[in-house]
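*Asks:* Let me give you the structure first, and then I'll get to my questions.
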Amino acid sequence: MSTVPLWREIQRQNFTKVRDLAHFLQLSESQIQELDETPAFVLNVPQRLAKKMQKGTLDDPLFKQFVPLKKERLEAPGYLLDPVADMQAKRQAKLLHKYEGRALVITTSACAMHCRYCFRKNFPYETKTQTFEKELEILENDTTIQEVLLSGGDPLSLSDLSLEALLTSLSRIRHVKRVRFHTRFIMGIPERITDGFLALLQDYPKQIWFVIHANAACEFDADIWQALKKIQKLGIPVLCQSVLLKGVNDHPDALVELSSVLIDHGITPYYLHQLDPVQGSQHFEVSENEGLKIIAEAQKNLPGYGVPKYVREDAGEPSKTILG
Ligand code: SF4
């Protein structure tokens, strides 16, 4: 009998070849010519997401987020390999420390999907070791750290066993009061929310926060809401962060729709990020002026708690910069 969890089996069926996905989406040869078939940051799209993409067009909010275009090879002034200076914040191969009281563990290099605008797509992930001894030692010895963020990559790419080991070690560090998951996994493979994972969360002695990443209402479906509800039922707050992306959500109606479905499901819209200028992502850029207008318009149609904070990350600053 196979011991591979269902979600891993599903992940193995991800589209990883541009031409396969292009044929699935019934793109014409001239449309395929616009795609990058050999991108450095490889294609990785779960079937669930591909099925939600409109066929026969490049002009679909999901397609734009996940399918590499030749445009990504262009360079532009101000667009960098490490736009948020992660390398300066590195305290250990898998530990970043940018903000007072919080530190971030790079749990893995793997994600359920590859977002074309990812600011960490050039990060030199350390993949030789699977454990976090040195990182945990630093956390243990730094009593200023009260919150640990589990990021990556995507922390839900780890097995339940690896997550359990990491969570257990963190639970033993007295001054760490909160653990925050930053994950997008559920948006592609909600089957990841297994009973075993939920049991880990349920028994955890410290406060857990769950931050998902979604940019458009069309990313959600009934299975995803159900998976998120299981987490919420444990009393864990679920928030959502998004990135303002041209052709994806750069319209007040798109933001209102996204915030509305989130708050209808008890999820707080947390941040709307200005695009981090990572090399090859300039075609996603919406100017801050435009972003301010979009959010001001969206705000008219949302309750206060449904409006995310519009923010920018400025490398080296002690916090995110709130725009507007
Ligand atoms: S899921 Fe997050 S870490 Fe992974 S590619 Fe997308 S933005 Fe980057």
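Everything in the sequence shown is counted per this note's numbering, starting at 1413 for the first residue and increasing by one.
Every residue, glycine too, gets a C-beta built ideally from N, C-alpha and C.
Note that the coordinates shown come from a computational prediction; the quantities given were computed from them, not determined experimentally.
1. Does the beta carbon of M1499 fall short of 7 Å from some heavy atom of the ligand SF4?
2. Heavy atom of the ligand ZN less than 7 Å from the Cβ of G1647, yes or no?
3. Evaluate G1565 with the Cβ neighbour count: other Cβ atoms within 10 Å of its Cβ, from every protein chain shown; 16 or more gives buried, anything less gives exposed.
4. Under 7 Å: does the beta carbon of H1373 sit that close to some heavy atom of the ligand SF4?
5. Can you tell which of A1462, D1665, D1615 has the C-alpha that lies nearest to the C-alpha of I1648?
6. Fully enclosed by the region 1461-1535, which beta strand (DSSP E) runs are 3 residues long or longer?
7. Mind pulling the alpha helix (DSSP H) runs of 4 or more residues that sit fully within the region 1624-1678?
8. Consider the C-beta atom of M1525 and the heavy atoms of the ligand SF4; say whether any pair is separated by less than 7 Å.
9. Enumerate in chain order the residues of its own chain whose CB-to-CB distance from S1693 is below 6 Å, with the five nearest sequence positions on each side excluded.
10. Note the first and the last residue of the continuous alpha helix (DSSP H) segment covering H1435.
11. Mind checking which residues open and close the alpha helix (DSSP H) that includes S1699?
12. Excluding sequence positions up to five away, which residues of its chain have a Cβ less than 6 Å from the Cβ of E1576?
*Replies:* On the basis of the coordinates in this document:
1. Indexing the sequence shown from 1 puts residue 1499 at position 87. No, the Cβ of M1499 stays beyond 7 Å of every heavy atom of the ligand SF4.
2. As far as ligands go, the structure on display features the ligand SF4 and does not contain the ligand ZN.
3. Translated into positions along the sequence shown, residue 1565 becomes position 153. Buried, by the Cβ-count rule.
4. There is simply no residue 1373 to check, as the chain begins at 1413 and stops at 1736 in what is shown.
5. If you number the sequence shown from 1, residue 1648 lands on position 236. For I1648, the closest alpha carbon among the candidates A1462, D1665, D1615 is that of D1615.
6. 1502-1504, 1514-1518
7. 1634-1644, 1664-1676
8. As a position in the sequence shown, residue 1525 is number 113, starting the count at 1. Checking the Cβ of M1525 against the ligand SF4 gives yes.
9. Counting from one through the sequence shown, the residue named residue 1693 turns up at place 281. Only Y1529 meet the Cβ criterion.
10. Residue mapping note: residue 1435 aligns to position 23 of the sequence shown, counting from 1. Counting along the chain, the alpha helix (DSSP H) containing H1435 begins and ends at 1430-1436.
11. Reading the sequence shown from its first residue, position 287 is the one you call residue 1699. It is not in any alpha helix (DSSP H) - S1699 carries neither H nor E in the DSSP assignment.
12. Within the sequence shown, residue 1576 is the residue found at index 164, counting from 1. Excluding the 5 residues flanking it on each side, E1576 has same chain C-beta neighbours closer than 6 Å at L1612, in chain order.
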